[in-house]
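Peer 1:
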DNA sequence: ATTGATTTGTTGAATAGTCAACAAATTGCG
DNA sequence: CGCAATTTGTTGACTATTCAACAAATCAAT
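Residue numbers (the numbering used here), protein chains in the order written: chain A, 1 to 182; chain B, 183 to 364.
1) Taking a contact to mean a Cβ-Cβ separation below 8 Å, would you say residue 206 of chain B touches residue 283 of chain B in this structure?
2) Determine whether the Cβ of residue 44 of chain A lies closer than 8 Å to any Cβ atom of chain B.
3) Determine the contact status of residue 285 of chain B and residue 306 of chain B, defining contact as a CB-CB distance below 8 Å.
4) Could you please tell me which residues of the region 2-15 of chain A, in chain order, have their CB closer than 8 Å to any CB of chain B?
5) With a threshold of 8 Å, are at least 3 pairs of Cβ atoms found where one atom belongs to the region 289-305 of chain B and the other to the region 238-252 of chain B?
6) CB-CB under 8 Å to residue 14 of chain A, same chain, minus the five flanking residues each way: which ones, in chain order?
7) Could you list which residues in chain A have their beta carbon closer than 9 Å to that of residue 199 of chain B, in chain order?
8) Per DSSP, what kind of secondary structure is residue 324 of chain B in: helix, strand or coil?
9) Please work out which residues of its chain come closer than 6 Å, Cβ to Cβ, to residue 252 of chain B, disregarding the five sequence neighbours upstream and downstream, and give them in chain order.
10) To which residues of the same chain is residue 264 of chain B closer than 8 Å at the C-beta, ignoring the five residues directly before and after it?
11) So which residues of chain B does residue 41 of chain A contact, with C-beta pairs closer than 9 Å?
12) From B:362, B:191, B:256, pick the residue whose C-alpha is nearest to that of residue 304 of chain B; which is it?
13) Look at the alpha carbon of residue 337 of chain B and the alpha carbon of residue 314 of chain B, and state the distance between them as a whole number of angstroms.
14) Within 10 angstroms of the Cβ of residue 85 of chain A, are there 16 or more other Cβ atoms? Answer buried if so, exposed if not.
15) Secondary structure at residue 214 of chain B, three-state DSSP: helix, strand or coil?
16) For residue 203 of chain B and residue 279 of chain B, which I take to be in contact (beta-carbon distance under 8 Å), what is that distance rounded to the nearest angstrom?
17) Tell me the DSSP secondary structure of residue 183 of chain A in three-state form.
18) Span of the alpha helix (DSSP H) holding residue 19 of chain A?
19) Taking all protein chains shown into account, do 16 or more other C-beta atoms lie within 10 angstroms of the C-beta of residue 341 of chain B, making it buried, or fewer, making it exposed?
20) Given residue 348 of chain B, which residues of its chain have a CB within under 6 Å of its CB, disregarding the five upstream and five downstream residues?
21) So, with DSSP's three-state summary, where would you put residue 245 of chain B?
22) Go to residue 117 of chain A, then tell me how far its alpha helix (DSSP H) extends in each direction, as first and last residue.
23) Determine the direct distance from the alpha carbon of residue 210 of chain B to that of residue 63 of chain A, and round the result to whole angstroms.
24) Around the Cβ of residue 327 of chain B, are there at least 16 other Cβ atoms within 10 angstroms (buried) or fewer (exposed)?
25) Pull up the CB-CB distance for residue 309 of chain B and residue 317 of chain B, whole angstroms please, since I reckon it's below 8 Å.
26) Can you tell me where the alpha helix (DSSP H) with residue 50 of chain A in it begins and where it stops?
27) Closer than 7 Å to a non-hydrogen atom of the ligand MG - does that hold for the CB of residue 349 of chain B?
28) Taking the straight line between their C-alpha atoms, what separation do you get for residue 188 of chain B and residue 141 of chain A?
29) Alpha carbon to alpha carbon, how far is residue 339 of chain B from residue 52 of chain A? Give it in angstroms, no decimals.
Okay, here's the thing in structure tokens:
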């Protein structure tokens, strides 16, 4: 786990940060590899050492965040919705620039769908349509419904510049999920 | 000038920043090479690639700032005292952490004297003891007197957390020098 | 379409950084 | 003091990054 060469970690970190920054400034298609290299203070060739092109680079960035969130779910599996949501929103806060540009930028609706897929996947275990208040519902309907709700809340939060503390929005969305998924 | 290998520039930058940060947190003697490497996110061996030990490292940092200030004098040689001082105080501001820890820390009175030497050296050209209001004075006395005054003002400025904008203290010290060195 | 300019990937040689291991020096504490 | 632990400085083998140069692809405008 910790056997990644320090140079690799530093280069990739710089490159990914550069992309995030640049994406908050201009359209992804207008970003050139040289732009990224300049911003990351890295030779242009170094980028090709790790990524085949800028699309691959963006993909890997998305993939990484999705995986991190999935991992957070693992470690938060025994928490309440409120606590678990808080872990997520803390992560969002820590990576503000990435998520806000990803959810704002026109160029990356792909991210939104990857994000929704993850949420649905993770909530599958939480939904029970055999009994309780959701007994008799179609599972996919429930998942799509509340998955979209969560994504929508997150989008709203970012687009409005995080008007609530992570703690608060986590509690409120958590309470809404509690009420509906029991 | 711009032919320094990017890796060297980045490593040295990280190392120097690490030292500055650490010095603002603890005594220089308590800082270990490993501390610096950790903070700079650099292998310990890399430090020895550029510096023989931590004293050499600190020396080179001081040397570099002194040289930068000297260079600023060159490019500001045609300015008034006020303008010239402003250039200096801007530089101080930009490197706040370094100068404030250097002038505060007990461990580095060496820097203060290097700094004073530079000021005296640079003001040599400005002082005229053959005529005018300083006619008949001993040149060394004048230089030591006003050099110390400038160092003292800078020290005060840092130790009190830069209570005035750089522009203001530059103008005021500039006016005092004008009045005395004509 | 035909230019000319920019961007893209790729290459090879040179160099800097990493890592692990080592002995010597220094520190700190009972 | 004397011993253990830490820190130091150095080594060698390995790898990532740099840089300059290149041809191919893409772009922009006439």
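Cβ coordinates follow ideal geometry from the N, Cα and C atoms, glycine included.
Peer 2: If we stick to the structure as given:
1) Counted from its first residue, the second chain places residue 206 of chain B at position 24. Counted from its first residue, the second chain places residue 283 of chain B at position 101. In this structure, residue 283 of chain B lies closer than 8 Å to residue 206 of chain B by Cβ.
2) Here residue 44 of chain A refers to the residue found at position 44 when the first chain is read from its first residue. Any Cβ of chain B closer than 8 Å to the Cβ of residue 44 of chain A would place that residue at the interface, and such an atom is absent.
3) As a working note, residue 285 of chain B is residue 103 in the second chain. As a working note, residue 306 of chain B is residue 124 in the second chain. Cβ distance not < 8 Å, so residue 285 of chain B and residue 306 of chain B don't count as in contact.
4) The region 2-15 of chain A vs chain B, Cβ under 8 Å: 6, 10.
5) As far as the Cβ criterion goes, the region 289-305 of chain B touches the region 238-252 of chain B, which means the pair count is three or higher.
6) Translated into the one-based positions of the first chain, residue 14 of chain A becomes position 14. Around residue 14 of chain A: 40, 41, 42.
7) The residue given as residue 199 of chain B occupies position 17 in the second chain. Those do not exist, as residue 199 of chain B stays about 14 Å from chain A at its closest Cβ, beyond 9 Å.
8) Mapped onto the second chain, residue 324 of chain B falls at position 142. Helix at residue 324 of chain B.
9) In the second chain, residue 252 of chain B corresponds to position 70, counting from 1. Excluding sequence neighbours, residue 252 of chain B sits near nothing in its chain.
10) Position 82 of the second chain, counted from the first residue, corresponds to residue 264 of chain B. These residues qualify, in order along the chain: 352, 353, 356, 357, 360.
11) On the first chain, position 41 is the one that residue 41 of chain A refers to. Within chain B, the residues near residue 41 of chain A are 188, 191, 192.
12) Position 122 of the second chain holds residue 304 of chain B. Taking only the C-alpha atoms, the option nearest residue 304 of chain B is B:256.
13) Taking the second chain and counting its residues from 1, one reaches residue 337 of chain B at position 155. Taking the second chain and counting its residues from 1, one reaches residue 314 of chain B at position 132. Rounded to whole angstroms, residue 337 of chain B to residue 314 of chain B spans 30 Å at the Cα level.
14) As a first step, residue 85 of chain A must be located in the first chain, where it is residue number 85. Per the 10 Å Cβ criterion, buried.
15) Numbered from 1 along the second chain, position 32 holds the residue referred to as residue 214 of chain B. Coil, per DSSP.
16) Taking the first residue of the second chain as 1, we reach residue 203 of chain B at position 21. Taking the first residue of the second chain as 1, we reach residue 279 of chain B at position 97. The Cβ separation is near 7 Å, so the contact holds.
17) What the structure shows of chain A is the stretch from 1 to 182, and residue 183 of chain A is not part of that stretch, so it cannot be assessed.
18) As a working note, residue 19 of chain A is residue 19 in the first chain. Residue 19 of chain A -> alpha helix (DSSP H) spans 6-23.
19) Within the second chain, residue 341 of chain B is the residue found at index 159, counting from 1. By the Cβ-count criterion, residue 341 of chain B is exposed, with fewer than 16 other Cβ atoms from all chains shown falling within 10 Å of its own Cβ.
20) By one-based count along the second chain, residue 348 of chain B stands at place 166. Counting only residues of its own chain and dropping the five nearest sequence neighbours on each side, residue 348 of chain B has a CB closer than 6 Å to the CB of 271, 272, 275.
21) To locate residue 245 of chain B, count along the second chain from 1; it is residue 63. In this structure, DSSP gives residue 245 of chain B a helical state, which the three-state scheme calls helix.
22) By 1-based counting over the first chain, the position of residue 117 of chain A is 117. Boundaries of the alpha helix (DSSP H) harbouring residue 117 of chain A: 109-123, taken from the DSSP string.
23) Translated into positions along the first chain, residue 63 of chain A becomes position 63. Translated into positions along the second chain, residue 210 of chain B becomes position 28. Straight across, the Cα-Cα distance linking residue 63 of chain A with residue 210 of chain B is about 43 Å.
24) Within the second chain, the letter at position 145 stands for residue 327 of chain B. Of the residues assessed, residue 327 of chain B falls on the exposed side of the cut-off, its CB having fewer than 16 other CB atoms within 10 angstroms.
25) Position 127 of the second chain, counted from the start, is the residue given in the question as residue 309 of chain B. Position 135 of the second chain, counted from the start, is the residue given in the question as residue 317 of chain B. Contact between residue 309 of chain B and residue 317 of chain B does not hold, since their C-beta atoms are separated by about 11 Å, which reaches or exceeds 8 Å.
26) Position 50 of the first chain, counted from the start, is the residue given in the question as residue 50 of chain A. 44-50 is the extent of the alpha helix (DSSP H) around residue 50 of chain A.
27) As for the ligand MG, it is missing from this structure, which has no ligand bound.
28) In the second chain, counting from the first residue as 1, residue 188 of chain B sits at position 6. In the first chain, counting from the first residue as 1, residue 141 of chain A sits at position 141. Cα-Cα distance, rounded: 54 Å.
29) Position 52 of the first chain, counted from the start, is the residue given in the question as residue 52 of chain A. Position 157 of the second chain, counted from the start, is the residue given in the question as residue 339 of chain B. Here the alpha carbon of residue 52 of chain A sits roughly 52 Å from the alpha carbon of residue 339 of chain B.
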